[in-house]
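A short write-up of the structure that comes next.
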Amino acid sequence: MDKNTSSSSSSAAAHVLIIPFPAQGHVTPMLSLAKLISFSGVFTTFVNTESIHRRLSGSGRIDGRRLRFRAVPDLLTDDGGNERDFDFPSMFFNLQESMRRGSTETYKKLLTEEFIGEWPPVTCVIADGVLDFAIEVAGEVGIPTLVFRTSSPCCAWTYATIPSLINNGIIPFPEECDMDEIVKGVEGMEGIMRRRDLPSFMRMVKSTEDNHIKLMNGFNSNLVSGKVIIFNSFDALDPTLLPIMSSYWPPIFTIGPLHLLTKFWVKNSCSSSLRQEDRTCMTWLDNQPDKSVIYVSFGTVAVMSPEQYIEFWHGLVNSGHRFLWAVREDMVKGKQEMEVTKEMEEETKKRGCMVEWVPQEEVLAHRAVGCFLTHCGWNSTLEGMVAGVPMICWPYFSDQMINSRFVSDVWRIGLDMKDVCDRNIVERMVREVMEGESALELRSSAARMADLARKSIDENGTSRANFESLVSYIKSAEL
Ligand code: UDP
Numbered sequence: 000m001d002k003n004t005s006s007s008s009s010s011a012a013a014h015v016l017i018i019p020f021p022a023q024g025h026v027t028p029m030l031s032l033a034k035l036i037s038f039s040g041v042f043t044t045f046v047n048t049e050s051i052h053r054r055l056s057g058s059g060r061i062d063g064r065r066l067r068f069r070a071v072p073d074l075l076t077d078d079g080g081n082e083r084d085f086d087f088p089s090m091f092f093n094l095q096e097s098m099r100r101g102s103t104e105t106y107k108k109l110l111t112e113e114f115i116g117e118w119p120p121v122t123c124v125i126a127d128g129v130l131d132f133a134i135e136v137a138g139e140v141g142i143p144t145l146v147f148r149t150s151s152p153c154c155a156w157t158y159a160t161i162p163s164l165i166n167n168g169i170i171p172f173p174e175e176c177d178m179d180e181i182v183k184g185v186e187g188m189e190g191i192m193r194r195r196d197l198p199s200f201m202r203m204v205k206s207t208e209d210n211h212i213k214l215m216n217g218f219n220s221n222l223v224s225g226k227v228i229i230f231n232s233f234d235a236l237d238p239t240l241l242p243i244m245s246s247y248w249p250p251i252f253t254i255g256p257l258h259l260l261t262k263f264w265v266k267n268s269c270s271s272s273l274r275q276e277d278r279t280c281m282t283w284l285d286n287q288p289d290k291s292v293i294y295v296s297f298g299t300v301a302v303m304s305p306e307q308y309i310e311f312w313h314g315l316v317n318s319g320h321r322f323l324w325a326v327r328e329d330m331v332k333g334k335q336e337m338e339v340t341k342e343m344e345e346e347t348k349k350r351g352c353m354v355e356w357v358p359q360e361e362v363l364a365h366r367a368v369g370c371f372l373t374h375c376g377w378n379s380t381l382e383g384m385v386a387g388v389p390m391i392c393w394p395y396f397s398d399q400m401i402n403s404r405f406v407s408d409v410w411r412i413g414l415d416m417k418d419v420c421d422r423n424i425v426e427r428m429v430r431e432v433m434e435g436e437s438a439l440e441l442r443s444s445a446a447r448m449a450d451l452a453r454k455s456i457d458e459n460g461t462s463r464a465n466f467e468s469l470v471s472y473i474k475s476a477e478l
């Protein structure tokens, strides 16, 4: 199968079942993909755990002619997700286990259903690359699987190199090691990757039997277990890495930024937000000058101590710039113990706005936003790129470590504040992104990046072409 050639042997009866890991950062891009594929005429079933399915209802989810939503039981409580348990491998292993026990029967039934009305049987699955159970069960019932990896290509490649870093004695890290030392021997990342840019879990690994290593190995084998790999990314971002990755892996389809492609193709569709958006921030933004606001968000999973929260807050206030901060109610651990001075509150009232959850894509696209202080989750990073907004990165864990390195040192559209949380540094970085010569430089490279992102989804763009080949492949008999 050549991803650059469209197949002519298409069947009208293609039906794809798409199943994401139950978390916002996975549901969002996979729902975009579901909308796009169904819009291309393919029957599409979007499957979530019951808790996510319920939360999507609040965003106006309705079955359409070629797109339908289905739920599988998951044996989890509906408490806003598994996003609060930060023993990462345990969180994953428990979730996989609860899905394996709770969802398999219903999932299998969906996979093996005969014609229902005009809906044909499922012909292929697009499974989240971290959802082992979904890939295994599709294999058991003989349905071809395509793997969607919701993180960045540079993250997937970093994970893939871990076994060789173990063989070369780089992992586990030696005691008292230099975290800024360049990690040698990672093809395509020569001179870029330092110890501190590896997934944060590697800092905890003491032996090769560690659960974090097992987890990464599981992700790696899932990735290559499907017929193709799909990334929410675009070719111009990784001209060095993608050809290397393609030489080792099944065919790769880079079809992003999906939120941009969806905006152009699919009008009036439901939102993917799993939380209630507070739109008062949009009115606040309307009253601010152009490019004057720092938008701050640390995504859906990151948590911080009250001390870290106060450092960020002081840094923002001391910078003298305006800021909009999305502060999830579960973002600060032990918030009640925090002492906030009257002065901070007064200064925030003058030029700040703090809400729990914002419509982020809209916020980033607003003319008043001039900087994005982000944890560098892959969706947020892409959303910032598309909006052409320079970033300050404070990665929290996992893939965010390498994403922030690429933002600052490869794509050069922001600054990396990794592993530091100090009010003076926050203030200095905000000034660097918002004021003077450095601000102009960062803005123009962020604008160039936004242009590349837009071009990738244009009529002749690479992501557009890759998406069309993917649909042809799904419709074809080649599966
Ligand atoms: N998001 C949002 N409103 C907020 C904060 C975040 O809509 O107030 C969205 C954001 O647009 C992104 C997603 O939540 O699509 C977060 O995904 P990401 O991969 O960046 O981070 P993670 O979920 O891993 O923390």
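According to numbering that gives the first Met the number 0, the stretch in the sequence shown is residues 0 to 478, in order.
C-beta: ideal position from N, C-alpha, C; glycine also.
As the structure is a computational prediction, the values presented were derived from the model and not from experiment.
Own chain residues within Cβ distance below 6 angstroms of W324, not counting five before or after: Within the same chain, W324 has close Cβ partners V295, M353.
Output the distance between the C-alpha atoms of W118 and Q399, rounded to the nearest integer angstrom. In a straight line, the C-alpha of W118 is about 39 angstroms away from that of Q399.
What first and last residue would you give for the alpha helix (DSSP H) that runs through S296? S296 -> not in any alpha helix (DSSP H); beta strand (DSSP E) instead, spanning 292-296.
Going by Cα to Cα distance, which pick from D179, G63, H25 is closest to R481? Only positions 0 to 478 of the chain appear in the structure, and residue 481 is not among them; the question remains open.
Note down, in chain order, each residue of its chain lying with its Cβ closer than 6 angstroms to the Cβ of K290, except the 5 sequence neighbours on either side. G369
With a threshold of 8 angstroms (Cβ to nearest heavy atom), would V265 be considered close to the ligand UDP? Incorrect: V265 has no Cβ contact closer than 8 angstroms to the ligand UDP.
In angstroms with no decimal places, state the Cα-to-Cα distance between V204 and D177. 16 angstroms
Spatial neighbours of E276 in its chain, beta-carbon cut-off 6 angstroms, leaving aside the 5 residues before and after: W356, P358
Check whether the Cβ of E360 lies closer than 8 angstroms to any heavy atom of the ligand UDP, and answer yes or no. yes
Using DSSP bridges, identify the partner residues of C370. Under DSSP, C370 shares a beta bridge with I293.
Residue ranges of each alpha helix (DSSP H) within the segment 47-77, 4 or longer: 49-56
Would S462 pass as a contact of I125 if the rule is Cβ separation under 9 angstroms? no
Note down the Cα distance separating L273 from P171, rounded to an integer number of angstroms. 37 angstroms
Classify D285 as buried or exposed, calling it buried when 16 or more other Cβ atoms lie within 10 Å of its own Cβ. By the neighbour-count definition (other C-beta atoms within 10 Å, threshold 16), D285 is an exposed residue.
Bridge partners for W324 per DSSP, in chain order? V295, M353
Determine the extent of the beta strand (DSSP E) in which H258 is found, giving its start and end residues. From DSSP, H258 is part of no beta strand (DSSP E) but of the alpha helix (DSSP H) over 257-264.
In the DSSP assignment, the alpha helix (DSSP H) including L240 goes from what residue to what residue? The continuous alpha helix (DSSP H) containing L240 extends over residues 240-247.
DSSP state of E477 mapped onto helix, strand, coil: coil
Quick check for students: name the residue ranges of the beta strand (DSSP E) that lie wholly in the segment 148-186, counting only runs of 3 or more. none
Take every Cβ of the segment 389-399, pair it with every Cβ of the segment 25-44, and state whether three or more of those distances are shorter than 8 angstroms. no
Close Cβ partners of E82 (< 7 angstroms) along its chain, the five nearest in sequence each way excluded: Note that E82 scores a pLDDT of 45, beneath 50, so its modelled location is shaky; the value from the coordinates is reported in the next line. The residues are A22, T299, V300.
CB A70 to CB T111, shorter than 9 angstroms? no
Shorter than 9 angstroms from the beta carbon of A12 to some beta carbon of chain D? You won't find chain D in this structure, because it holds only one protein chain.
Out of E477, E467, S475, point me to the one whose CA is closest to I229's CA. E467
With DSSP run on the structure shown, which of helix, strand or coil describes V124? It is a strand residue.
Straight-line gap, V302 to D329 (C-alpha atoms, nearest Å): Rounded to the nearest angstrom, the two C-alpha atoms are 7 angstroms apart.
In terms of alpha-carbon separation, which member of L30, T279, C280, L236 lies closest to V385? L236
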